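Asks:
Protein chains: 2
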Amino acid sequence: MRVGGAKRDQSGLGDEAQRRAPRLANSDLDYGLLKDVVGFPIKVVWILGYTLLTRTIDDPPVTPQRFSMLELIGCNPGAQQTQLGAALGLSRSATTITIDFWQDRGCVERRSVPGNRRIYGIYLTEAGRETWAALRQKVRRSDAELTKNLTPEEVGQLRGLLAKIHQ
Amino acid sequence: MRVGGAKRDQSGLGDEAQRRAPRLANSDLDYGLLKDVVGFPIKVVWILGYTLLTRTIDDPPVTPQRFSMLELIGCNPGAQQTQLGAALGLSRSATTITIDFWQDRGCVERRSVPGNRRIYGIYLTEAGRETWAALRQKVRRSDAELTKNLTPEEVGQLRGLLAKIHQ
DNA sequence: TATTGTTATACTCTATAACTATA
DNA sequence: TATAGTTATAGAGTATAACAATA
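Top line first, the protein sequences correspond to chains P and E. Residue 37 in the UniProt record's numbering sits at position 37 of the first sequence, with consecutive numbering throughout. Residue 16 in the UniProt record's numbering sits at position 16 of the second sequence, with consecutive numbering throughout.
1. Have a look at residue 32 of chain P and residue 75 of chain E and give me their C-alpha separation to the nearest angstrom.
2. I need the boundaries of the beta strand (DSSP E) containing residue 113 of chain P, first residue and last residue.
3. Establish whether the CB of residue 162 of chain P and some CB of chain E are separated by less than 8 angstroms.
4. The region 107-125 of chain E: which residues have C-beta closer than 8 angstroms to a C-beta of chain P, in chain order?
5. Quick check on the burial criterion: 16 or more other C-beta atoms within 10 angstroms. Buried or exposed for residue 113 of chain P?
6. Exposed or buried, what is residue 134 of chain P when buried is set at 16 or more other beta-carbons lying within 10 Å of its beta-carbon?
7. Judging by CA-CA distance, which residue of P/162, P/146 and P/166 is the nearest neighbour of residue 49 of chain P?
8. Going by DSSP, what residues sit across from residue 79 of chain P in a beta bridge?
9. Looking only at its chain, what residues have a beta carbon closer than 6 angstroms to the beta carbon of residue 131 of chain P, apart from the 5 residues adjacent to it on each side?
10. Alpha carbons only, please: which of E/62, E/44 and E/57 is nearest the one belonging to residue 65 of chain P?
11. Less than 8 angstroms between C-beta atoms, sequence neighbours within five positions excluded: which residues of the same chain meet that for residue 141 of chain E?
12. Please state whether the Cβ-Cβ distance between residue 84 of chain P and residue 95 of chain P is less than 8 angstroms.
13. Using beta carbons (cut-off 8 angstroms, strictly below), is residue 6 of chain P in contact with chain E?
14. Confirm, please, whether the CB-CB distance from residue 53 of chain E to residue 155 of chain E is below 8 angstroms.
15. Report the CB separation of residue 72 of chain E from residue 87 of chain P in whole angstroms; it is logged as a contact under 8 angstroms.
16. Starting from the Cα of residue 121 of chain E, find the closest Cα among E/127, E/109 and E/47 and give me that residue.
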């Protein structure tokens, strides 16, 4: 079982939103039903947010998805890979690869757990804590930029409505 | 230049949301900053909506993305591929393949345009109109299901807030 | 030369399944 | 046998670039 730093090819941008022009939903065509449902504008806003955050991070391999993993690790020191993956809806193999990514960057370490040699506790390294702090600032900034047309009350409203949908 | 029906392999589900458990954001871990920004819940709701619609359509190759294209074609008869692709933020090659998909299903036809032999007008066929109508019903039903915890006023609020973000 | 559409190719991300090691 | 993690592999969807036909 490999615990040392894996090296995988991790170049490139990684997701559709990054490559997709933000002109979405601003065409002269009639969008028909797409204007009247929630699903489509949700997707458009997701792409906007994703694109904005990717630009703010300005380090293409560090995708929003990978940040989510770092955030979970930072907030839940010692969590197992299985837990982390489940929290983001990832398979075990995708989780392994995501954690490899941060480990290869020196941001995360797998510590063996006394009493159970099958599992690892995942922890930020010192360098990881710095990277994490810097990324969190960018995430906050990017999110503020995304919602710049909304008042603070409206942002609260939006989060409340979204929470009602996903419980 | 090929205009007749292309055959490509089009099995499978097609997107992350389909495969991803809807447990997202319901773990016992601390989600930290992810709880406090708009970007993450937007993604969670998008995945929920995508999963719900995919199940409602119950015909895996017909993804939400492909429905979007059919909706645009239905609402804009005779539009060019380039326009359709731009409206959804797709490259020309991805647009070609998406239209091939519907043409192979007998739902869409490419008609040559008098006076300009480089372009095609894209139209629904009679069968396409039926498929379109049936899918539209499912899209409405699925969207209603997604927002079942919201009052009609709240749905209007949500759409208004999303519109403010993407203009 | 520029535009429209097609094809070939490469790339990212994901899941499934097979595998190792532990329990 | 079951669980945690890793690796190999295949699949879907996208973009870029090269190409053909047309303007």
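Glycine included, each C-beta is placed from N, C-alpha and C at the ideal position. Computed from a predicted model, the values in this text were never measured in an experiment.
Replies: To lay it out plainly:
1. The residue labelled residue 32 of chain P in the question sits at position 32 within the first sequence. The residue labelled residue 75 of chain E in the question sits at position 75 within the second sequence. In a straight line, the C-alpha of residue 32 of chain P is about 6 angstroms away from that of residue 75 of chain E.
2. If you number the first sequence from 1, residue 113 of chain P lands on position 113. Its beta strand (DSSP E) spans residues 108-113.
3. On the first sequence, position 162 is the one that residue 162 of chain P refers to. Taking Cβ atoms only, chain E reaches closer than 8 angstroms to residue 162 of chain P, which makes this a yes.
4. none
5. The count along the first sequence starts at 1 and reaches residue 113 of chain P at position 113. Exposed, because fewer than 16 other Cβ atoms sit within 10 Å of the Cβ of residue 113 of chain P.
6. Locating residue 134 of chain P in the first sequence gives position 134, counting from the first residue. Exposed, by the Cβ-count rule.
7. For the purposes of this step, residue 49 of chain P is taken as the residue at position 49 of the first sequence. Answer by Cα proximity: P/146.
8. Here residue 79 of chain P refers to the residue found at position 79 when the first sequence is read from its first residue. P/122.
9. Taking the first sequence and counting its residues from 1, the one referred to as residue 131 of chain P is at position 131. Cβ neighbours of residue 131 of chain P beyond the five flanking positions: 107.
10. The residue you call residue 65 of chain P lines up with position 65 of the first sequence. Shortest Cα-Cα distance from residue 65 of chain P to any of E/62, E/44 and E/57 involves E/44.
11. Within the second sequence, residue 141 of chain E is the residue found at index 141, counting from 1. Around residue 141 of chain E: 56.
12. Within the first sequence, residue 84 of chain P is the residue found at index 84, counting from 1. Within the first sequence, residue 95 of chain P is the residue found at index 95, counting from 1. Closer than 8 angstroms, so yes.
13. In the first sequence, counting from the first residue as 1, residue 6 of chain P sits at position 6. Here the model assigns residue 6 of chain P a pLDDT of 38, short of 50, so the residue's position is not dependable and the matter cannot be decided.
14. Sequence index remark: in the second sequence, residue 155 of chain E carries index 155 (1-based). Sequence index remark: in the second sequence, residue 53 of chain E carries index 53 (1-based). Going by C-beta atoms, residue 155 of chain E is not nearer than 8 angstroms to residue 53 of chain E.
15. As a working note, residue 72 of chain E is residue 72 in the second sequence. As a working note, residue 87 of chain P is residue 87 in the first sequence. About 36 angstroms separates the two Cβ atoms, so there is no contact after all.
16. As a first step, residue 121 of chain E must be located in the second sequence, where it is residue number 121. Residue E/109 holds the alpha-carbon nearest to the alpha-carbon of residue 121 of chain E among E/127, E/109 and E/47.
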